[in-house]
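S.K.:
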Amino acid sequence: MFLPQNWFVPAQVCHIDRMRVRPFLVPVIRHAPTSGAQRESRNIKPRSLSLPLRWIARFVGAGIAMRALVCRINRELAATPRPSLALRSLGSRFSHHHHHDSPTKKEKKRSYILGLDLPDIWSPPPRSTSPSPPSSQTPVDFELIPTIINGKLIAEEIRSGIAKEVCQMKETISKVPGLAVVLVGQRRDSQTYVRYKIKACQEVGIRSLSAELPDDCPEDEVVNTVLSFNEDPSIHGILVQLPLPQHMNEEKILNAVSLEKDVDGFHPLNMGNLALRDREPLFIPCAAKACIELLFRSGVDLMGKNVAVIGRSKVVGLPLSLLLQRHHATISIIHAFTKNPEDITREADIVISAAGVANLVRGSWLKKGTIVIDVGTNPIEDPSSEHGYYLSGDVCFEEAVQVVSAITPVPGGVGPVTIAMLLSNTLDSAKRAYGLS
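Under full-length UniProt numbering, the first residue of the sequence shown is numbered 1, with each subsequent residue one higher.
(1) Measuring alpha carbon to alpha carbon, tell me which of K170, A65 and L69 ends up nearest Y434.
(2) What span of residues does the alpha helix (DSSP H) with Y193 cover, start to end?
(3) Are the region 378-387 and the region 338-348 touching by the rule of at least three beta carbon pairs closer than 8 Å?
(4) Rounded to whole angstroms, what is the Cα-Cα separation between E280 and R72?
(5) What is the DSSP secondary structure of I149, counted as helix, strand or coil?
(6) Give me the residue from H236, K252 and G205 with the minimum Cα distance to V181.
(7) Excluding sequence positions up to five away, which residues of its chain have a Cβ less than 8 Å from the Cβ of I198?
(8) Any idea what DSSP makes of N249, helix, strand or coil?
(9) Pick helix, strand or coil for L144, following the three-state DSSP scheme.
(10) Go through its chain and collect everything with a Cβ distance to G376's Cβ below 8 Å, but skip five positions before and after it.
(11) Helix, strand or coil for P214? Go by DSSP, reduced to three states.
(12) Let me make sure I understand the geometry here. Which of P218, S190 and V257 has the alpha-carbon closest to that of L242?
(13) Could you check what DSSP says for A354 in three-state terms: helix, strand or coil?
(14) Check R277 in the structure and name its three-state DSSP category.
(15) Relative to the alpha-carbon of S234, which residue among G61, I64 and V176 has its alpha-carbon at the smallest distance?
(16) Could you tell me the alpha carbon to alpha carbon distance between V257 and D232, rounded to whole angstroms?
(17) Put R362 into one of helix, strand or coil per three-state DSSP.
(18) Given a threshold of 16 other Cβ atoms within 10 Å of its Cβ, counted over all protein chains shown, does E212 qualify as buried or as exposed?
(19) In this structure, how does DSSP classify D394 when only helix, strand and coil are distinguished?
(20) Taking the DSSP output, what are the residues bridged to T330?
(21) Assuming P379 is part of the beta strand (DSSP E), what are its boundary residues?
(22) What residue range is occupied by the uninterrupted alpha helix (DSSP H) comprising A180?
(23) Got a sec? Which residues, its chain only, sit under 6 Å from P285 by beta carbon, not counting five neighbours each side?
(24) Check whether the Cβ atoms of V309 and A329 sit closer than 7 Å, and answer yes or no.
(25) Considering only C-alpha positions, which residue in the set L423, T338 and I292 is nearest to I350?
(26) How is the alpha helix (DSSP H) around D220 delimited, first residue to last?
(27) So, are the CB atoms of A275 and L323 less than 7 Å apart?
Okay, here's the thing in structure tokens:
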């Protein structure tokens, strides 16, 4: 082959930069004549191919082969998804966590009710990292069981464990937890709740005291009653039954309860610590704690779920919303001024109603497969019943049960578990007071 010295060889050279192939061009031969007639017509003297051009020719062949190989690599890389940096860092963090068989001391002390304290990672969001249920419990498949969550059965399991611990405390230090209940007024539903709480204390071996005051008693008398229980070392929990008469300053009375004995969890410091993710309150409000316990023991993973909370009271709605956020759920709070609340509940995976309005939530408010926790206990007059009334929930049970995957009944749902949480808080307070682990 005879080529003039000023002609160039075509080639494409490829190199790999961060798994991306970037081709670039070197000078090329555009039309190299090969026949003798063509060479004579152009008056070109034949000569042998010079050594540099031989190397260029070899480089051309190697470049073509390299380009074919790299194109194939590109196709394979394009078909294989690669994790982002955030995903790799998240995976390494969880991998590091699982290399340690035993949890840290802080993790041992942290209650599963408070959830895992995970940092916000926006891309991608963590999934399925809720704390594992107690060893005695297994996640529930709602397709295989009735749609009614039996709060009485769950409460019995909790009370059984509390009774064993109270018995051990009595055998070890000859002391038992003590709970004092302050009841103001003659509300029938409040009297019923207090009666249930005192009975539950007796069943598990907790000492209980009750102070019943009339509706028209002075506010200072209620405060002094609370202060006297604060000074009693045999009392480890103080409960002021709500609601109080309208003429009383509820905040003043609740703030009189010692922080160490605030088993209802309404003290400002307890509520404030609940709102701060990096802190733990001494006590969690019982009704909010009961809702999480019901979901938890039913095998419901809250992380990433859309949860609609109906009601924003400091007794249930507010602390429950704070507690759900600790479990990394997405919360929508519905109150009396919310526009189109039914549109919000229809988008929710879980609906928790604590509005205090009988049959507020209809079946049309719920999408198919929703999980419903009905906290409402609304007394409806009924002369034919034993107590002259019956309790109705916030959710129209007959309509909701047709579309939901699980629902708590009223009564027999949240109520019994709320009382069990009160006993649990009282036991924790006594253990803390006596220096028990």
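Using N, Cα and C, we set each Cβ at its ideal position, and we do this for glycine too.
M.R.: Result, derived from the coordinates:
(1) K170
(2) R188 to V204
(3) no
(4) 56 Å
(5) coil
(6) H236
(7) V181, S208 and S210
(8) coil
(9) Confidence at L144 is low in this model, with a pLDDT of 42, below 50, so its placement is unreliable and the value that follows should be read with caution. Note: L144 maps to coil in three-state DSSP.
(10) S353, A354, A355, G356, V357, A358, L360, S392, G393, D394, V395 and V410
(11) coil
(12) S190
(13) coil
(14) coil
(15) V176
(16) 12 Å
(17) coil
(18) exposed
(19) coil
(20) N306
(21) N378 to E381
(22) No alpha helix (DSSP H) contains A180, which is instead part of the beta strand (DSSP E) from G178 to V184.
(23) G265 and P319
(24) no
(25) I292
(26) E219 to N230
(27) no
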